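In what follows, a single structure is set out as structure tokens and then discussed.
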Amino acid sequence: MIGVLVFGLLIQSVPITGGSFAPLYGLEKDQKSVSVASFRIDTYPVTHQNFFKFTKAHPEWKPSHPLVLLADKEYLKDWKSEGPSRKIKNVPVTYVSWFAAQDYCVAQGGRLPTVLEWEYVAAASETKKDASQDKEFIEKLLQWYSKPVQEGKISKIGKTKPNIWGVYDLHGVIWEWVYDFNSVFVTGDNRQDKDNLKDLFCGFGAAGAQNRANYAAFMRYALRNSLKGNYTLMNLGFRCAYDH
Amino acid sequence: MIIKKILVLLCLVLGVSISSFAQDSLYTIPLQWRDETGTPARLSQYQGRPVIITMTYTTCQSACPLIMQKLRKIESEIAEPKNVEFVVVTFDPSVDTPKALLKHKKAYQVEDSYWHFLNGTEETTRKLSLLLDIGYQKNNETGHFVHDNKILLLDAEGKITVTLDGLDAQIEPILNVLGKRTLSFFEKVKRFILR
Chain A
1 MIGVLVFGLL IQSVPITGGS FAPLYGLEKD QKSVSVASFR IDTYPVTHQN FFKFTKAHPE
61 WKPSHPLVLL ADKEYLKDWK SEGPSRKIKN VPVTYVSWFA AQDYCVAQGG RLPTVLEWEY
121 VAAASETKKD ASQDKEFIEK LLQWYSKPVQ EGKISKIGKT KPNIWGVYDL HGVIWEWVYD
181 FNSVFVTGDN RQDKDNLKDL FCGFGAAGAQ NRANYAAFMR YALRNSLKGN YTLMNLGFRC
241 AYDH
Chain B
245 MIIKKILVLL CLVLGVSISS FAQDSLYTIP LQWRDETGTP ARLSQYQGRP VIITMTYTTC
305 QSACPLIMQK LRKIESEIAE PKNVEFVVVT FDPSVDTPKA LLKHKKAYQV EDSYWHFLNG
365 TEETTRKLSL LLDIGYQKNN ETGHFVHDNK ILLLDAEGKI TVTLDGLDAQ IEPILNVLGK
425 RTLSFFEKVK RFILR
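For the protein sequence lines, the chains are A and B, in the order given. Heads up, the final residue of the first sequence is numbered 244 in my numbering, and it's a clean run with no missing numbers. Heads up, the final residue of the second sequence is numbered 439 in my numbering, and it's a clean run with no missing numbers.
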């Protein structure tokens, strides 16, 4: 019982009621909206402290251990030997690969959120569930997206206000892994390959997307498209989702 | 020597596999599958032979049959197909059960011994897709998948050596590695005429 209680305090998640929304990129050409089923999502990104505990129980994920196909050489490079310094205990863990993040979430009884789940929750502002058309909200996001995160300067979790779901730090702290980041999204006439995603890197790319104003979301799709499962980046962390 | 043997034994007892595989070998990643007969399978069981691997799903109507066609073409043009494993992993493990895969295999009338159709879980499928760099996404409304069309060649140690990317990719890079079959006189004449 106490275990469950402690577990609950350490890993807080909130329920997200399913619904439909218009993602920046759909699965079919000209898709206007997709539906997302109800799920739960972590209130905060996973911190260094959370991840340190996980590595103790799963030594294959200690800083020096993972296989190169599962995590590149930068993996947990900001840790001092086996663990993080006290200073970064409550800072979101970064320099973790998709494989590490997914295994962490599975160990908590969850998984990484899907692209659509993440985007669905991240479309919410402090006051609206879908603020993707809200100029003020998008302005705010863009301000962060235009300021590069500096090495060692990632802020602690929960420093800004949560969105209407009660979820913190979706924007403004780090980028986050999603389960199906290697999804093929359709933007044009060509269904055949991921080639159509080259739009993402061209100047007019955003013009093919559903919502031209949402340049912030456009940047997220571009980042995801550039990742591989074993990549670890200074400003890329994650949070977990749960099926009920 | 003795110490090495003891270490080997110890590892076996502890269930640790001592990987003789290279760091970047796919065989270092122990993903579990079932083949079309329902038998548990791991990719590492194909170690020692080149593997041609792709991902498709059986209810796919447009791209996947073309991928299969391309695999058959590779099979018919390489020197010794019997020394190569052809592995087709489904994107759709809940629909493409071993039973469905067996039916699919029979429909294609492929050689039984070196063609393998694998079914995993949602998660192992996603993991393999990341390791092979094959992007895919299920459309929950239609049940269909949008996916990359890639055929990869793994060497005998499980390292990716060639990736054919896209339905229009030429198969030569794979033929160059595995060696082309010598054509009979009649085949040469036929090709000359059809040119």
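Ideal placement from N, C-alpha and C gives every residue a C-beta, glycine not left out. Quick caveat, the model's predicted, so the values are computed rather than measured.
Within 9 Å of the CB of Gln267(B), the CB atoms of chain A belong to Leu67, Val68, Leu69, in sequence order along the chain. Using a Cβ-Cβ cut-off of 9 Å, Thr272(B) is close to Leu67, Val68, Leu69, Leu70 of chain A, given in chain order. Every beta strand (DSSP E) of 3 residues or more that sits fully in the stretch 267-355 of chain B is shown, in chain order, as 295-300, 329-334. The Cβ atoms of Ser20(A) and Ser38(A) do not sit closer than 8 Å to each other. Per the coordinates, the alpha-carbon of Ala400(B) lies some 10 Å from the alpha-carbon of Tyr271(B). What Asp399(B) touches in chain A, judged by beta-carbon distance under 8 Å, is nothing: the nearest beta carbon there is about 15 Å away. With 16 or more other Cβ atoms from the protein chains shown falling within 10 Å of its own Cβ, Ile378(B) counts as buried.
For Ser373(B), the neighbours in chain A by C-beta distance under 7 Å run, in chain order, Asn182. Judged by beta-carbon spacing, Thr300(B) lies beyond the 8 Å limit of Thr341(B), meaning their Cβ atoms are not closer than that value. DSSP, reduced to helix, strand and coil, places Arg439(B) outside both helices and strands of the structure shown, so it counts as coil. Excluding residues up to 5 positions away in sequence, His171, Gly172 lie with their Cβ nearer than 7 Å to the Cβ of Trp144(A) in the same chain.
Short of 6 Å from the beta carbon of Tyr104(A), and not among the five residues preceding or following it, lie these beta carbons of its own chain, in chain order: Phe54. The beta carbon of Tyr179(A) sits closer than 8 Å to some beta carbon of chain B. Contacts between Lys228(A) and chain B, judged by CB atoms closer than 8 Å, involve Leu374, Asp377 in chain order. Excluding sequence positions up to five before and after Thr94(A), its CB lies within less than 7 Å of the CB of Ile154, Ile174, Leu233, Met234, Asn235, Leu236, Gly237, all in the same chain and listed in chain order.
Buried is the label assigned to Ser97(A), since at least 16 other Cβ atoms lie within 10 Å of its Cβ.
At a cut-off of 8 Å between beta-carbon atoms, Arg370(B) makes contact with chain A.
From the listed residues Tyr179(A), Gly83(A), Trp165(A), the smallest Cα separation to Asp130(A) is found for Trp165(A). Phe436(B) and Tyr380(B) have their C-alpha atoms roughly 40 Å apart.
Note on geometry: alpha-carbon atoms of Asp42(A) and Gly402(B) lie some 37 Å from one another. The beta carbon of Ala216(A) lies closer than 7 Å to those of Ile138, Leu141, Leu142, Tyr145 in the same chain, with the five residues before and after it left out. In terms of Cα proximity to Glu329(B), the closest of Ile297(B), Asn420(B), Ala285(B) is Ile297(B). Taking 4 residues as the shortest admissible run, the stretch 118-200 of chain A contains the following complete alpha helix (DSSP H) segments, listed from N- to C-terminal end: 135-145.
For the options Asn214(A), Pro148(A), Asp180(A), Ala241(A), the alpha carbon positioned closest to that of Lys228(A) is the one of Asp180(A).
Considering only Thr47(A), Val91(A), Ser132(A), the residue with the shortest C-alpha distance to Tyr120(A) is Ser132(A).
With a beta-carbon spacing of about 18 Å, Leu310(B) and Val331(B) fall beyond the 8 Å limit used to define contacts.
Listed along chain B, no residue sits closer than 7 Å to Trp118(A) by beta-carbon distance, the nearest being about 14 Å off.
For Gln381(B), a Cβ of chain A is located within less than 8 Å of the residue's own Cβ.
In summary, Val184(A) is buried, with 16 or more beta-carbon neighbours lying within 10 Å of its beta-carbon over all protein chains present. For Val390(B), the nearest beta carbon of chain A is closer than 8 Å to its own beta carbon.
When secondary structure is reduced to three states using DSSP, Arg425(B) falls in the coil class, being assigned neither helix nor strand. DSSP, read as helix, strand or coil, puts Phe265(B) in coil.
With 16 or more other Cβ atoms inside 10 Å of its own Cβ, Arg111(A) counts as buried. At least one C-beta of chain B is nearer than 8 Å to the C-beta of Trp98(A). With a contact defined as Cβ atoms closer than 8 Å, Ile88(A) and His48(A) qualify at about 5 Å.
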